[in-house]
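S.K.: Could you have a look at this structure, given as structure tokens, before my questions?
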Amino acid sequence: MNRRAFLRTTGVALGAVALAGLPVRAQGLEGEDLANLEKALQAVLGKGFKDLTPSNLIKLTMPAIAESGANVPAEVEVNLPSNQVKAIHLFADKNPTPHLVAFMPMKALPYYATRVRLAETSAVRAVVETADGKLLLASASTRVTVGGCG
Amino acid sequence: MPIRTIVRLTPAKPKAGENFKLQVVAQHPNEPGTRKDAEGKLIPAKYINLVEVYFEGEKVAEARPGPSTSANPLYGFMFKAEKVGTFTVKLKDTDGDTGEGTVKLELA
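The listed protein sequences correspond, in order, to chains F and P. This note's numbering puts the first residue of the first sequence at 1, with every later residue one more than the last. This note's numbering puts the first residue of the second sequence at 1, with every later residue one more than the last.
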């Protein structure tokens, strides 16, 4: 490992340690359903909610209130160099299929925008798989007036 | 039936070194398979599950959307403007229908 790679990995590790102290559940998100989310995380990533590290490198933009759950804009931006981001995933806790999308940036910048369906008021998660195998998490919550899946 | 696919860049003519967005809009019902029709029967799932972005023939990004994507979906990507060339976006849905759209990247 050269000096630059070493510095990069220790930097990320230190950041992870600093953030690991935060209680994940203390965010008190509306529409949280960890049991449903856990199944999807295991199916997609082979890891559970405990393996995710909350990170402020991820900016997840969701509206606080969506009148219709059929068409909710979602935007993720990751403040990391492109080559360190392997994939960006979006999950919605309360959806029948919680996994919304997997995005592989490759030559693109680690940014993804889409419009999703939300079945009901739900916590939404952005999970970033980094090149060195870490899983970073950002959460948001959207209150839905009319569901978009039923 | 081919999926109608529209691709555009914002800003339309970025400066060299500037970041720009590549936005794709598809005309597609994106049925998640959980919705019911007027008679109460489930509408079968049919949604776009593969979005590939090519630049000058080289694959530069890929998204795999799930069933929970809105009808007439939007997919937004961000790139850094380096050289002129053509972006091609290829879509595929769960029934094997495909769509394709192109846009030319010109520098200001």
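Quick reminder that beta carbons are idealized off the backbone N, C-alpha and C, glycines included.
Are the CB atoms of VAL116 of chain F and ILE58 of chain F within a distance shorter than 8 Å?
M.R.: Here residue 58 of chain F refers to the residue found at position 58 when the first sequence is read from its first residue. Here residue 116 of chain F refers to the residue found at position 116 when the first sequence is read from its first residue. Contact flag unset, no.
S.K.: Output needed in chain order: residues of the region 68-84 of chain P with a Cβ under 9 Å from some Cβ in chain F.
M.R.: SER68, THR69, SER70, ALA71, ASN72, PRO73, LEU74, TYR75, GLY76, PHE77, MET78, PHE79 and LYS80
S.K.: For the alpha helix (DSSP H) containing LEU41 of chain F, name the first residue and the last one.
M.R.: As a working mapping, residue 41 of chain F is identified with position 41 in the first sequence. Looking at the DSSP string, the run of the alpha helix (DSSP H) that includes LEU41 of chain F is 34-45.
S.K.: According to a CB-to-CB cut-off of less than 7 Å, which residues of the region 27-40 of chain P neighbour chain F?
M.R.: PRO32, THR34 and ARG35
S.K.: Identify, in the order they occur along the chain, each residue of the same chain with its Cβ nearer than 6 Å to the Cβ of ALA140 of chain F, setting aside the five sequence neighbours on each side.
M.R.: Translated into positions along the first sequence, residue 140 of chain F becomes position 140. Non-local C-beta neighbours of ALA140 of chain F in its own chain, meaning closer than 6 Å and more than five positions away in sequence, comprise LEU60, MET62 and VAL124, ordered along the chain.
S.K.: Residues of chain P with CB closer than 7 Å to the CB of LEU109 of chain F, please, in chain order.
M.R.: In the first sequence, counting from the first residue as 1, residue 109 of chain F sits at position 109. Against chain P, a Cβ distance below 7 Å from LEU109 of chain F picks out ASN19, MET78, PHE79 and LYS80.
S.K.: Please list, in chain order, all residues of the same chain as LYS86 of chain F whose beta carbon is under 6 Å from its beta carbon, the five residues on each side excluded.
M.R.: Here residue 86 of chain F is taken as the residue at index 86 of the first sequence, counted from 1. Hits under 6 Å: GLU129 and ALA131.
S.K.: At a CB distance below 7 Å, what residues from the region 100-134 of chain F approach chain P? Give them in sequence order.
M.R.: LEU100, VAL101, ALA102, PHE103, MET104, PRO105, MET106, LYS107, ALA108, LEU109, TYR111, TYR112, ALA113, THR114, ARG115, VAL116 and ARG117
S.K.: Please classify ASN56 of chain F: does DSSP put it in a helix, a strand, or coil?
M.R.: Indexing the first sequence from 1 puts residue 56 of chain F at position 56. Coil, per DSSP.
S.K.: Sorted by chain position, which residues of the same chain lie with C-beta nearer than 6 Å to THR145 of chain F's C-beta, five sequence neighbours on each side aside?
M.R.: For the purposes of this step, residue 145 of chain F is taken as the residue at position 145 of the first sequence. Same-chain partners within the cutoff: GLU67.
S.K.: According to DSSP, is ASP93 of chain P helix, strand or coil?
M.R.: Here residue 93 of chain P corresponds to residue number 93 of the second sequence, with the count starting at 1. Residue state, collapsed to three classes: strand.
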